[in-house]
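Quick mapping for you: the protein sequence lines, in order, are chains H and G.
Numbering follows the working numbering, with no gaps: position 513 of the first sequence is 596.
Numbering follows the working numbering, with no gaps: position 205 of the second sequence is 288.
Notes to accompany the following structure.
There are 2 protein chains.
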Amino acid sequence: MSLAPFLSPESVAIVGASDNPDKIGGRPIRYLREFGFKGDVFPINPGRDTVQGLKAYASLADLPKVPDAVIIAVAGTGVVDTVNTCAALGVKAAIVMASGFGETGPEGKRIEAEMRETAHKAGMRIVGPNSQGLANFGTGAVLSFSTMFIEAQPEDGPVACISQSGAMSVVPYGMLRARGIGVRHCHATGNDSDVNVAELAAEVVQDPDVKLLLLYLESLPDPAALARTAAIAKERDVPIIAVKSGRTAAGSRAAQSHTGAIATEDRIVDAFFAKNGIWRAKGMRDLVRAAELYLKGWKPVGRRLAVISNSGATCVLAVDAAEHAGLEMAEFPPAIEDELRSILPGFASPRNPVDITAALLTDSGLFSRVLPAAGRDTSVDMFLVGIPVSGKGYDFPRFAADTGAFLKDGGKPVVLAAPQASVREAFAREGVPVFETEDDAVEAMTQFVNHRALMARSRPGAPAAARPPAPLEGLDENRSLQLIAAAGVTVARHRLCTTLDAARSFLEDAPGKIVLKACSAAIPHKSEHGLVRLNIDSEEALASAYADLVAGVERLGQPFEGLLACDQVKGERELVIGGYHDPVFGPAVVIGDGGITVEAMPDNVLLLSPFDEAEVMDALQTLRIAPLFRGVRGQPPLDAGAVARAAIAVGKLLCDETADVRSVDVNPLIVSASGAIAVDALVEVAATATARAAAQ
Amino acid sequence: MSLAPFLSPESVAIVGASDNPDKIGGRPIRYLREFGFKGDVFPINPGRDTVQGLKAYASLADLPKVPDAVIIAVAGTGVVDTVNTCAALGVKAAIVMASGFGETGPEGKRIEAEMRETAHKAGMRIVGPNSQGLANFGTGAVLSFSTMFIEAQPEDGPVACISQSGAMSVVPYGMLRARGIGVRHCHATGNDSDVNVAELAAEVVQDPDVKLLLLYLESLPDPAALARTAAIAKERDVPIIAVKSGRTAAGSRAAQSHTGAIATEDRIVDAFFAKNGIWRAKGMRDLVRAAELYLKGWKPVGRRLAVISNSGATCVLAVDAAEHAGLEMAEFPPAIEDELRSILPGFASPRNPVDITAALLTDSGLFSRVLPAAGRDTSVDMFLVGIPVSGKGYDFPRFAADTGAFLKDGGKPVVLAAPQASVREAFAREGVPVFETEDDAVEAMTQFVNHRALMARSRPGAPAAARPPAPLEGLDENRSLQLIAAAGVTVARHRLCTTLDAARSFLEDAPGKIVLKACSAAIPHKSEHGLVRLNIDSEEALASAYADLVAGVERLGQPFEGLLACDQVKGERELVIGGYHDPVFGPAVVIGDGGITVEAMPDNVLLLSPFDEAEVMDALQTLRIAPLFRGVRGQPPLDAGAVARAAIAVGKLLCDETADVRSVDVNPLIVSASGAIAVDALVEVAATATARAAAQ
């Protein structure tokens, strides 16, 4: 069932139509007429002959034809009745604006489900309830009651804003319009009871005129649809920037009380967005900040910045901001420096940052010569022009025109930082993205180049299917090690011993010392119970340890299931690998530094399964302990490849539906210059799977 | 020599006066006449009878009286001549605008020094050269050629902007004026050849109408004057916010090429500012962002925020932003919740964040009741009101008036976040600080409360006198340990042994194993030469180690000065304490995590000496390893007090002028649950001090 009738209907009826163009049932009629909608508009109002000058109808059944789309601007029980009528008539798209449904509790959710069922049976789709409506300024189908389209005059353009929240659909709209940027789509999906925000995004991103997609999400109701959106966006080279709010613990609680959104570990959202090439904005400011840069269609090849200003102080501030944000300062080769030297006055520096000095007052054409000269340098990826003050003597229209001409001639990306509005306006008119301060400009550029790089390496894909909740059963260490070994994790040589003789024979074969530990699913925290003996290198020590541990298990009142003998492994660093199933995103693997500070001083990274070795290697580079993988103080580098392979194996194990492993805890994974060996593990499986395996 | 003649002269002469009010020599005359200067203005121009309608004089000598201040708007050799004339006549204040002096090299610096000497002999002070001038809108003494006072109409007000750079004196001026904030002082000191930026700040901060001081610094020419400024500011409760540019390595290089500023380790600047209660802004945006909050005179007692919005999404975003920035969400007690419940519609939440919902459309008075109710709660320190959309039906003037009335009635701090300019304007008119987004509002509030807290605990003070450079001499480990022990650092029991017998006797007294190491100032990196033996617990091992080490020293071609025997100390963590003399700020002590990753994964904090135990304890809490001082996984907490005492002792040693210690490296300091023991140290002293000590 296509969503086209929502975005490009040929006819629209408004149930609850108001003659007052400032009421909820009146505003969509006003908008449809003002913003160029070409199709039929049918007000439904049993009490009036006309509504806002249009012929009004008493009911949907009275219409001369079945409308493609119906705006349901009534409340209460009228909503369900109208949905039923729409479905019966063959309407394709219904937008329910009223609140008071799923967001209020189970009864509201039940009604939503009923309406959805009714609609689907009839081939109809529903947006809402609790939707502010949809607005497509390309077709004039503005089926929305937002007041913002009066406050900020619409102009069709390359941006699409899609949001669950009504307010956050029009906030970016307002901020973009204030900057003169055209917005085509401005949609609020509300409760997502049928059509959800991600499904609508997947439709909108196919609009060939959409060049930038902005999303506001409070929940992720449909990761698969979001991944589909990302895949289409990648194909079309449309950047997606998304706010997923509730990113902090307190924010997440606030979001739950606002929308009843299911909480998910926030960094899984980060991982999912990154995989899909979606840039995650922290808030509304970040969502729109770099819009002009994206819309230029620039494809920066690197992050090397050149700064040009008539103020040395601006140069210093821009360089500070760039280095802080992670941009690099381009280094001009001698030939470019020579050329700049020939252009600039003797006391100006031909190096980057280029301080063209007050000479700009006497030579207004400096930008027309400096930009192309520096632009020819292959070491420069983009420019920041800084003009801190304005006033008589500065020929801003000329500077702006020269900069604009450089851009139009295929020059490299240029942005302006200027605190004076008049300077910004002059440059904006010439198509140069403008910012108030060096920090703003640099932050926007950094986001832009980082996002373009993310888009280049992204591999959009839906998360693995989430497993239904199940009671969990922890396996004992022996079975845990066997499972992860079978999946491909290198584990320390070990043996479950139910007799001292068996343990003796293990010790005989050992290349060095061994460890002896209690082994029982009922005793997962064996260290805390003193049931681990290290450094065993003699039969006497073994016998004593064996007896101690058997007695210890007995003291805990647990049946004796054997002791696990294990080679004592040496290495340089203890890491941990954990894996679990997120209820929304499926298998996730966490790799991190280990030891006693694993919780107190966390240093780890999360990956969504499936992932490959290159992805783990990249992820390991984001850890604080990354230098250890390059070698520190003459020590050999830790074996990152071995860590990566272990993590991949854990991810694979979590994806294996037969084993139905629900969580894995490899702690520690002992890493050396050549290898990574698991010496302890705890695997939890769905209890049903255990039962099944046990029965086999 | 007071600086009053610069800020409130009774008469001003302009040498190089121009009839054209848009020239450098013309603009100050225009400004003095336009902006209410009440004193005499004397244009000096030998070629004209009048300048801009004022009687012109051929020379300073022709004036009817000696002017308090002279603006020197000529260039080249005319500058020195004019300075000489001013000094001879008894002028008190000269402002040199021309560039081409100290910033161009040694010859320029020499000329600056000559002018300064001439001036001081005559009791005159000089601002500049390379100064855009000074502007005091309180007295109308606008002795500046900045074009910005035409671009942005001045209005006297509570802010002072003082900068070395001309551009960065007027950039904050322009940004503040665009927000309607009045600025009294706007000064650019240029090359600081005589009056420097800090000295001028110390004068300006005494102006009783100045409530906020903004500084832009590219160098710190006079930390003592800055500390004096900070002390007066603390006394007067005037917040100081400063940009010190060149804060990154690349930025610092750029700053040096711009001003020739001496590079100093950037975090010393952080430490110095923090000690003096000065908030360090990253750039111009941060410098002015929270200005309105400071100017309200609010004294927040905590960081607990309440959020009120008609949009649930805005609530979520504000909470996200607050938690991210480090503010806390206030938790209303039941009585307040009950009261809010009685005010709000049934479906709205009386909890924080308070979503007052679309009920605001039908009840425009909600703010007038919600703010006072929540404001009575002692758990709330400040409010963020969020209004994401505007439009007909929302009575913004009423909301703004209600919020303003709450503030005027002594309510707690309130700021507004609203993307629509019209909403912001309504609230700004009522005296509410306004921001475009939740992020902006929260960042400003966070800076404000953090800065007020910093001001409360600051103890302004000049840095210790920097020592003149001297050749350094490294002491051997034995002398190094003795020096730090004498200063109060607990060191491991040790003895310099020149015979095996001496070492034997040390081992006999040892409570456990000992370490034997080569001891010679000529072999500072003994470990790298294999000249350290650990785990010695027998006479045999000792004899063998002794012989090996003696042979090893010989192999290096160094004279044998003895071996250092040392108790082998056990502990939980190896820390390091380093100390050195910064050429500007004097003794600095660095405390950090140790081990082989000390450089690769740095985790340390810098303190300027002198400091006390409480300061070190605070500083240790900023380390990544801070949890170790609270105890991790049942392990006892590391002894932070012992670390603090060791750091204080190192700081004290650096301050001791007799010893003239120039650097200290305690590595490692072995820290346990009860104590911190230095087991190795390297002290460098000024060679002269050694010579002196040796002679004694």
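A virtual CB, placed ideally from N, CA and C, is assigned to each residue, including glycine.
G:Ala729 to G:Gln704, Cα distance in whole Å? Computed Cα separation, rounded: 16 Å.
Should H:Lys365 be flagged as near chain G, meaning a C-beta pair shorter than 9 Å? Interface residue, yes.
G:Ser757: which of G:Val749, G:Arg330, G:Tyr629, G:Pro720 sits nearest, CA to CA? Closest by alpha carbon: G:Pro720.
Kindly identify the DSSP beta-bridge partner or partners of G:Arg578. Answer is G:Ala648, bridged to G:Arg578.
Can you tell me whether H:Gln718 is buried or exposed, with buried defined as 16 or more other CB within 10 angstroms of its CB? With fewer than 16 other Cβ atoms from the protein chains shown falling within 10 Å of its own Cβ, H:Gln718 counts as exposed.
Report all residues from its chain with a CB closer than 8 Å to the CB of G:Val652; omit the five preceding and five following residues, and keep chain order. Closer than 8 Å at Cβ, skipping near neighbours: Ala575, Ile753, Ile760, Val762.
Using the C-alpha atoms, what's the distance from H:Ile679 back to G:Asp686? For G:Asp686 and H:Ile679, the distance between alpha carbons rounds to 18 Å.
Tell me G:Ala671's beta-bridge partners as DSSP assigns them. Note: G:Ala671 sits in a beta bridge opposite G:Tyr663, G:Leu691.
Nonlocal neighbours in the same chain, by C-beta distance under 6 Å from H:Phe450, ignoring five residues either side: Once the five neighbours on either side are set aside, the close Cβ partners of H:Phe450 are Phe482, Asp485, Thr486.
In the DSSP assignment, find the beta strand (DSSP E) that holds G:Asp234 and state where it starts and stops. Asp is not the amino acid found at residue 234 of chain G; the sequence shown has Glu there. DSSP places G:Glu234 in no beta strand (DSSP E) but in the uninterrupted alpha helix (DSSP H) bounded by 231-234.
Taking G:Ile426 as the reference, give the member of G:Val402, G:Leu444, G:Arg452 with the closest Cα. Checking every option, the nearest Cα to that of G:Ile426 belongs to G:Arg452.
Compile a chain-ordered list of the residues in the stretch 176-198 of chain G whose CB is closer than 7 Å to at least one CB of chain H. Per Cβ criterion, the list is empty.
In angstroms, rounded to a whole number, what distance separates the CA positions of G:Pro670 and G:Ile731? The straight-line gap separating the alpha-carbon atoms of G:Pro670 and G:Ile731 is approximately 11 Å.
Of the residues H:Asp105, H:Gly109, H:Ser85, which one's Cα is nearest the Cα of H:Ala96? Checking every option, the nearest Cα to that of H:Ala96 belongs to H:Gly109.
Tell me which residue opens and which closes the beta strand (DSSP E) that H:Cys602 is part of. Element bounds for H:Cys602: n/a, residue is neither H nor E.
Taking 9 Å as the CB-CB limit, is G:Cys398 close to chain B? Annotation note: the requested chain B is absent from the structure, which comprises protein chains H and G.
DSSP three-state assignment for H:Val162, whether helix, strand or coil: Reduced to three states, the DSSP call for H:Val162 is helix.
Should G:Ala156 go down as buried or exposed, given a rule of 16 or more other Cβ atoms within 10 Å for buried? With 16 or more other Cβ atoms within 10 Å, it is buried.
Based on DSSP bridge pairs, tell me the residues matched to G:Pro557. First, the amino acid is wrong: residue 557 of chain G is Gly here, not Pro. Residue pairing by DSSP places G:Gly557 opposite G:Glu767 in a beta bridge.
On a Cα-Cα basis, can you pick out the residue from H:Leu143, H:Glu420, H:Leu647 that is closest to H:Thr168? When C-alpha distances from H:Thr168 are compared across H:Leu143, H:Glu420, H:Leu647, the shortest belongs to H:Leu143.
CB contact below 9 Å: H:Lys475 versus chain G: Judged by the 9 Å Cβ criterion, H:Lys475 is in contact with chain G.
Between the stretch 401-419 of chain H and the stretch 561-571 of chain G, do three or more beta carbon pairs fall short of 8 Å? Flag = no, the stretch 401-419 of chain H and the stretch 561-571 of chain G do not touch.
Which stretch, first to last residue, makes up the beta strand (DSSP E) that contains G:Met465? Element bounds for G:Met465: 465-469.
Spell out whether any CB of chain G is found under 9 Å from the CB atom of H:Ile97. Interface annotation, H:Ile97: not in contact with chain G, CB-CB separation never under 9 Å.
G:Arg550 in three-state terms, based on DSSP: DSSP, read as helix, strand or coil, puts G:Arg550 in coil.
Inter-residue Cα distance where the pair is H:Leu443 and H:Pro436: Computed Cα separation, rounded: 16 Å.
Proximity winner among H:Leu90, H:Arg311, H:Ala764, relative to H:Val749 (alpha-carbon distances): Comparing Cα-Cα distances from H:Val749 to each of H:Leu90, H:Arg311, H:Ala764, the minimum goes to H:Ala764.
Which term fits H:Glu740, buried or exposed, when burial requires 16 or more other beta carbons within 10 angstroms of its beta carbon? The residue is exposed, with fewer than 16 neighbouring Cβ atoms inside 10 Å.
Would you call H:Leu618 buried or exposed, if buried means 16 or more other Cβ atoms sit within 10 Å of its Cβ? The question names Leu, yet the displayed sequence has Asn at residue 618 of chain H. By the neighbour-count rule (16 or more Cβ atoms within 10 Å), H:Asn618 is not buried but exposed.
With 9 Å as the threshold, decide whether the Cβ of G:Gly206 is near any Cβ in chain H. Judged by the 9 Å Cβ criterion, G:Gly206 is not in contact with chain H.
Which residues bound the beta strand (DSSP E) around H:Arg745? Boundaries of the beta strand (DSSP E) harbouring H:Arg745: 744-755, taken from the DSSP string.
G:His612: first and last residue of the uninterrupted alpha helix (DSSP H) it sits in: No alpha helix (DSSP H) holds G:His612; DSSP gives it neither H nor E.
What are the residues that DSSP puts in a beta bridge with H:Met412? Paired residue(s): H:Leu388.
Might you give, ordered along the chain, the residues of its own chain that have their beta carbon closer than 8 Å to the beta carbon of H:Ile178, omitting 5 neighbours on each side? Correct list, in chain order: Phe89, Ala152, Val153, Ile154, Ile155, Ile209, Val210, Gly211, Ser214, Gly216, Leu217, Leu226.
So if I threshold CB-CB distances at 8 Å, which residues from the stretch 504-538 of chain H count as touching chain G? The residues in question are Ala504, Ser505, Glu519, Thr520, Glu521, Asp522, Asp523.
Can you pull the chain H residues whose beta carbon is under 9 Å from the beta carbon of G:Arg853, in chain order? With chain G represented from 84 up to 779, any question about residue 853 of chain G goes unanswered, as that position is not in the structure.
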